[in-house]
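There are 2 protein chains.
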Amino acid sequence: MAIELSNLMERSLSMLSSDHKSVVSMNLFVALLCACIVIGHLLEENRWMNESITALIIGLCTGIVILLTTNGTSSHVLMFSEDLFFIYLLPPIIFNAGFQVKKKQFFRNFMTIMLFGAVGTLISFVIISAGAVHFFKQMNIGTLKIGDYLAIGAIFAATDSVCTLQVLNQDETPLLYSLVFGEGVVNDATSVVLFNAIQSFDLSHINLSIALKFVGSFFYLFIASTMLGVIAGLLSAFIIKKLYMGRHSTDREVALMILMAYLSYMLAELFYLSGILTVFFCGIVMSHYTWHNVTESSRVTTKHAFATLSFVAEIFIFLYVGMDALDIEKWRVVRDSPGKSVGVSAILLGLVLLGRAAFVLPLSFLSNLTKKSSHEKIGLKQQLTIWWAGLMRGAVSMALAYKQVRC
Amino acid sequence: MAIELSNLMERSLSMLSSDHKSVVSMNLFVALLCACIVIGHLLEENRWMNESITALIIGLCTGIVILLTTNGTSSHVLMFSEDLFFIYLLPPIIFNAGFQVKKKQFFRNFMTIMLFGAVGTLISFVIISAGAVHFFKQMNIGTLKIGDYLAIGAIFAATDSVCTLQVLNQDETPLLYSLVFGEGVVNDATSVVLFNAIQSFDLSHINLSIALKFVGSFFYLFIASTMLGVIAGLLSAFIIKKLYMGRHSTDREVALMILMAYLSYMLAELFYLSGILTVFFCGIVMSHYTWHNVTESSRVTTKHAFATLSFVAEIFIFLYVGMDALDIEKWRVVRDSPGKSVGVSAILLGLVLLGRAAFVLPLSFLSNLTKKSSHEKIGLKQQLTIWWAGLMRGAVSMALAYKQVRC
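Sequence order for the protein chains is A and B. Going by the numbering used here, the first residue of the first sequence is number 11, and it counts up by one from there. Going by the numbering used here, the first residue of the second sequence is number 11, and it counts up by one from there.
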């Protein structure tokens, strides 16, 4: 009887502590988010700092503290999953970017953006893949199949739309912002098409019909994703206007806008389309139509609520990346063969730099040919900024890499 | 080689489909939420319907459809966990209730609310426990220990604060609303204290020192939870006022308010306090102090964003409850011994009715003795409404029951 009871107590205690551990880490994470906001605000005047860098540094420091207190077994408090990122954090960021983007500037440069996002990504992909084949074969790092080289190209051709938002300011440099961010959004669609194509097509003998299929599937994905976003946006505008939702309550309008936008993203994922592209266009349509059909207080609420959601999601990501930088497991492989790791990283970095330069400069030249007024043309300084601002490789690359490892 | 490849393909396909299944259910759930809002809006004029009932009915219908399409194996699309409820859905609902509550009305009736929430819950607990001991012993339903009977009392003495919000309207019946909802919030603290006391104290021989300990731990829990909520609210007001957050951006103010409120709830859970009580008082303090220190657009945003969050969380819960009503597994035990199940349910229902009547009527009488003006007194009709409105047993009871089963 006594043993039974103590057994029972033990079980309930262990249950409690496992629940409690997740409560502890939630507390720590929310407290760190608060700290990032306050410190980021205090450092506002400093031109080298912003919330994201603060979050990165705080994450790094927390990682060190956790590493020391757990005797070097782990540096994070939360298990970060792809799902968490793609289902909860990414949609509000991209939706808000579409919602707040300067539409006039964006659509005026639409052709250039498409050129950069579609053709540019392809050029980048070809150069990185070819470079990887050329250099890695001499380095003796195990045998890789042709599909693996192409996957490397696709992974490193995917830029990070979230980081881009941090580098450029929409109000100060509207042209550059719309070009680089727009490219990032279209790039996502291209990367997904590329990656799926690599996994499903037989790539050992590429011929015309496969190339045509490839182009066709890009256009299908691009048009279908865009249409889905536009339809979701228009539908929300129609429902809110027709049913005169604001008559009874503001909350219903706001809730419906958020849910419809989220639904468009999830539907895109359901049909294997590009959710980023869909929710981006949904944001554009909602800010252009739905937003003008809601009550005044809904307008203020949606504008700030979406921005806040996106803001918190961004800080969350950077905080996590800071903690993740110290992950012992990930550094172990580097310790085993430091020379090779540095070599591979350097080659990939060089290829990414080269691959981006190889399309920004010629495509800017092409785009400039179509523009008449000189202030619409992309100058050399701006071309260099575009080249530099889009260099970051972020969450989409990471997710594609995980996918490749799992297969 | 060919086998390896097909193996690989199979694995990646099964991976994909398991991921895809969760995407499908997310889509269905978000679409149903949208449908609830639109249909709830269309039925606004109907006095028998509101969003919650719509959500319940839609959930029920969806459950039937899923039950038929899966050949009767399952009726939900999402696995509902205690965590989902207590970590994500409950905090925004209770926080918003505190944020929007009419403070004057609430604090004027503070003593009555405390009387109902603390003493009333105790009376209810004693009656239900004693009744369970008396009736269940004659019914031959297996041997239960004294601790089990007390746990039954504690579980069924916990009312549901969320359901209460649906029954009464703050604008139409402010006195009743503040009494019943306030009681629900204090009731949560009492239930948690009761339940923890049952699990940790030796209850076979109750004496004065245990009773004193019990009263002491109630006051500790009540005061500590309230203080935590008040401190979190004041701290947010202080930070936002001192640092003049609104100068740079509205988003930071809104983000900080949400995060601080959430942090107060999680801290309460961390220290085994009553999170509901904490976040409720945090909401009251934030609406009284913080809200007046933020910019005009933050005021509009927070007011509507919190209401929207709470609104969506409530619909979510009712939608799920509708689906859950058809859970085959839960009905199986009823089919095995229908007579006994109906008997136990009827006895418990009777005890809950009796236990509530046994404190609402005498405590209202006591409370009326202290009031001078006749319109502040609680009339018999109002007493009956209080008795009726607080009868619902909801998520807190369910969570406590799960806890008891797991131990």
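We put the CB at the ideal spot given by N, CA and C, even for glycine. Note that the coordinates shown come from a computational prediction; the quantities given were computed from them, not determined experimentally.
- DSSP places glutamate 386 of chain A outside any alpha helix (DSSP H), giving it a letter other than H or E.
- Interface with chain A (8 Å Cβ-Cβ cutoff): glutamate 182 of chain B is excluded.
- In terms of Cα proximity to leucine 373 of chain A, the closest of A/Ser308, A/Lys387, A/Leu361 is A/Lys387.
- The Cβ-Cβ distance between cysteine 46 of chain A and threonine 72 of chain A does not fall below 8 Å.
- Put simply, of B/Val196, B/Ile286, B/Leu244, B/Ser62 the residue whose alpha carbon is nearest the alpha carbon of valine 331 of chain B is B/Ser62.
- Short of 6 Å from the beta carbon of phenylalanine 228 of chain A, and not among the five residues preceding or following it, lie these beta carbons of its own chain, in chain order: Val203.
- Excluding five sequence positions before and after isoleucine 74 of chain B, none of the CB atoms of its chain fall closer than 6 Å to its own CB.
- Identification of chain A residues near cysteine 44 of chain B by a Cβ-Cβ cut-off of 7 Å yields Leu266, Leu269, Met270, Leu273, ordered along the chain.
- Measuring C-alpha to C-alpha distances from glutamine 209 of chain B to each of B/Ala265, B/Ala368, B/Tyr159 identifies B/Tyr159 as the nearest.
- Taking each of A/Val304, A/Ile156, A/Tyr98, A/Ala323 in turn and checking the Cα distance to threonine 260 of chain A, the smallest one comes out for A/Val304.
- The Cβ of serine 377 of chain A sits no closer than 8 Å to any Cβ of chain B.
- For alanine 207 of chain B, no CB of chain A lies under 8 Å from its own CB, so it is not counted at the interface with that chain.
- Neighbours of asparagine 37 of chain A in chain B, taken as residues whose beta carbon is under 8 Å from its own, are Leu273, Met276, Leu277, Leu280 in chain order.
- Going by DSSP, asparagine 378 of chain A is part of the alpha helix (DSSP H) stretching over 348 to 380.
- Taking the beta carbon of isoleucine 165 of chain B as reference, no residue of chain A falls within 8 Å; the closest one sits roughly 16 Å away.
- The C-alpha of leucine 43 of chain B lies about 40 Å from the C-alpha of leucine 401 of chain A.
- Taking 8 Å as the CB threshold, histidine 51 of chain A lines the interface with chain B.
- Shown here for leucine 244 of chain A: same chain residues with a beta carbon closer than 8 Å to its own, the five before and five after excluded, namely Val295, Tyr299 in chain order.
- In terms of CA proximity to methionine 270 of chain A, B/Val322 leads the group B/Val322, B/Gly157, B/Leu363, B/Ala247.
- Note on the segment 225 to 281 of chain A: whole alpha helix (DSSP H) runs with a minimum of 4 residues are 260 to 280, in chain order.
- Serine 407 of chain B is classed as buried because its beta carbon has at least 16 other beta carbons within 10 Å across all chains shown.
- Chain-order list of chain B residues neighbouring isoleucine 241 of chain A: empty, with the shortest C-beta distance near 14 Å, by a criterion of under 9 Å.
- Interface flag for serine 297 of chain A against chain B is unset, since no Cβ pair is found closer than 8 Å.
- Per DSSP, glutamate 324 of chain A is one residue of the alpha helix (DSSP H) stretching across 306 to 334.
- Boundaries of the alpha helix (DSSP H) harbouring histidine 298 of chain B: 285 to 298, taken from the DSSP string.
- Separation of the CB atoms of arginine 403 of chain B and threonine 169 of chain B is rounded to 7 Å, and the pair is thereby assigned contact status at 8 Å.
- Of all C-beta pairs linking the segment 216 to 223 of chain A to the segment 239 to 254 of chain A, fewer than three are shorter than 8 Å, placing the two stretches out of contact.
- For threonine 64 of chain A, the three-state secondary structure derived from DSSP is helix.
- Scanning its chain for C-beta atoms nearer than 8 Å, with the 5 sequence neighbours on each side dropped, one finds around leucine 189 of chain A the residues Asn119, Thr122, Ile123, Phe126, Ile388, Ile396, in chain order.
- The three-state reading of DSSP puts lysine 114 of chain B in helix, counting H, G and I together.
- Residues of chain A whose Cβ lies closer than 9 Å to the Cβ of leucine 204 of chain B do not exist; the shortest such Cβ separation is about 17 Å.
- Residue state for lysine 155 of chain A is assigned as coil, using DSSP reduced to three classes.
- For methionine 402 of chain A, no alpha helix (DSSP H) run applies, since DSSP gives it neither H nor E.
- Around the beta-carbon of glycine 141 of chain B, 16 or more other beta-carbon atoms lie within 10 Å, marking it buried.
- Proximity of isoleucine 123 of chain B to chain A, defined by a Cβ-Cβ separation below 8 Å, is not satisfied.
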